[in-house]
Amino acid sequence: KNQVEQSPQSLIILEGKNCTLQCNYTVSPFSNLRWYKQDTGRGPVSLTIMTFSENTKSNGRYTATLDADTKQSSLHITASQLSDSASYICVVTDGGSQGNLIFGKGTKLSVKP
Amino acid sequence: ETGVTQTPRHLVMGMTNKKSLKCEQHLGHNAMYWYKQSAKKPLELMFVYNFKEQTENNSVPSRFSPECPNSSHLFLHLHTLQPEDSALYLCASSQGLAHSYEQYFGPGTRLTVT
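Quick look at the structure:
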C-alpha cells in the first residue's frame, strides 16, 4: 500500500536554531517528492520538488534531501524564524498512469522566541 | 497569494442545510481539485476535473456534489452533511494532470457541521 510517514508529529524549537524533518515513503513506482508548508488557516504552498535523480534541492533556508534507495527524504530548516511556524507536509507522486499524490500527515513546527 | 481563491473562508451549517463552496483560479490552469483535510489526517482527494470533465471521484458520499462550469471555477454543493464532515476543504489547480505539474492550493473553507 502506498504510504507516506512523517516524523516527528510535532516539534518545538527556539528561534535561530536548525531542525530536520523526516519523511519515509513506500510509494511505488515513484515519480517525485514535494515538501509543502502550510500556515495555520491557509492552503499548502510548495517549497521543493525532487525527482528520482535529484539528491538535494534548496529554497532559501530550506534544504530537502532525497534518498530514493532507502525511500527517505528530509527537510532541513536553517536559522529558524518565527514565520517558519507551520505544518510541513511531505507529498509523493506515484508514477502510475493517474499520478496520484500521496500525502503525509505533516509535522507541526513551532518556533518560539 | 497562490492565484486560487475560495469562498466562504468559514461556514457553519446544520445537518439539514444546503450550502455551496466556491473556488476560482486565476492561473489559466486546466485541472482543478477538491480535497478534504481533517485534523491529524493526510489530505484526502475528493474530486478531480480536467477541462471541465470529472476524471476522478474518490468514493465520496453523494451528499457532496461537485460542479465545474468552466476551467476557472469549481463548486462543491453540500446537503444533509454529518458532523464528521467538519473539516478544512481545500481547492487546488494545476496546468494539467501530468505528474510534473505542481498543484496550487487555495486558502480553504473551514466547515463546521452542527
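Just so you know, the protein sequences line up as chains W and U, in that order.
Per our numbering, the first sequence runs over residues 1 to 113.
Per our numbering, the second sequence runs over residues 1001 to 1114.
From the three backbone atoms N, C-alpha and C, an ideal C-beta is built for every residue, glycine too.
Return the bridge partner residues of residue i from the DSSP annotation.
i: Y1101 (chain U); result: Note: Y1101 (chain U) sits in no beta bridge, so no partner.
i: K1022 (chain U); result: U:T1007 and U:F1075
i: D67 (chain W); result: W:Q72
i: P1061 (chain U); result: In DSSP, P1061 (chain U) forms no bridge with anything.
i: C19 (chain W); result: W:I77
i: L1027 (chain U); result: Answer is none; L1027 (chain U) lacks a bridge partner.
i: S1038 (chain U); result: Answer is none; S1038 (chain U) lacks a bridge partner.
In the structure shown, what three-state DSSP assignment does residue i receive?
i: E1053 (chain U); result: strand
i: D39 (chain W); result: coil
i: P113 (chain W); result: coil
i: S83 (chain W); result: helix
i: P44 (chain W); result: coil
i: E1044 (chain U); result: strand
i: E54 (chain W); result: coil
i: E1084 (chain U); result: helix
i: T1112 (chain U); result: strand
i: M1133 (chain U); result: Because chain U spans 1001 through 1114 in this model, residue 1133 (chain U) falls outside it and cannot be assessed.
i: E1001 (chain U); result: coil
Beta-carbon separation of residue i and residue j under 7 Å?
i: Y88 (chain W); j: L21 (chain W); result: yes
i: F5 (chain W); j: N24 (chain W); result: Checking the sequence shown, residue 5 (chain W) turns out to be Glu, not Phe. Against a cut-off of 7 Å, the Cβ pair of N24 (chain W) and E5 (chain W) comes out as a contact.
i: I49 (chain W); j: V111 (chain W); result: no
i: C1091 (chain U); j: Q1006 (chain U); result: yes
Skipping 5 residues on each side, what residues in its chain have a beta carbon closer than 7 Å to that of residue i?
i: L82 (chain W); result: E15, V111 and P113
i: K17 (chain W); result: S80
i: T1080 (chain U); result: M1015, T1016 and R1063
Only counting the same chain, and skipping five residues up and downstream in sequence, which positions put a Cβ closer than 6 Å to that of residue i?
i: K71 (chain W); result: Y25
i: S10 (chain W); result: K108
i: L47 (chain W); result: W35, K37, N59 and Y62
Which residues in the same chain have their Cβ closer than 8 Å to the Cβ of residue i, if we skip the five residues on either side of it in sequence?
i: N1070 (chain U); result: K1052
Identify each residue in the region 48–68 of chain W for which the Cβ-Cβ distance to at least one residue of chain U is less than 9 Å, and report them in chain order.
I49 and T51
Along the region 1056–1078 of chain U, where does the CB come closer than 7 Å to a CB of chain W? Name the residues.
none
Proximal residues, the region 1007–1031 of chain U versus chain W, C-beta separation under 9 Å
R1009
Short-range partners of chain U found in the region 81–95 of chain W, where Cβ spacing is below 9 Å:
I89, V91, T93, D94 and G95
What are the residues in the region 8–40 of chain W lying within 7 Å of chain U by C-beta distance?
S31 and N32
Which residues, in order along the region 101–113 of chain W, keep a beta-carbon less than 9 Å from a beta-carbon of chain U?
L101, I102, F103, G104, K105 and G106
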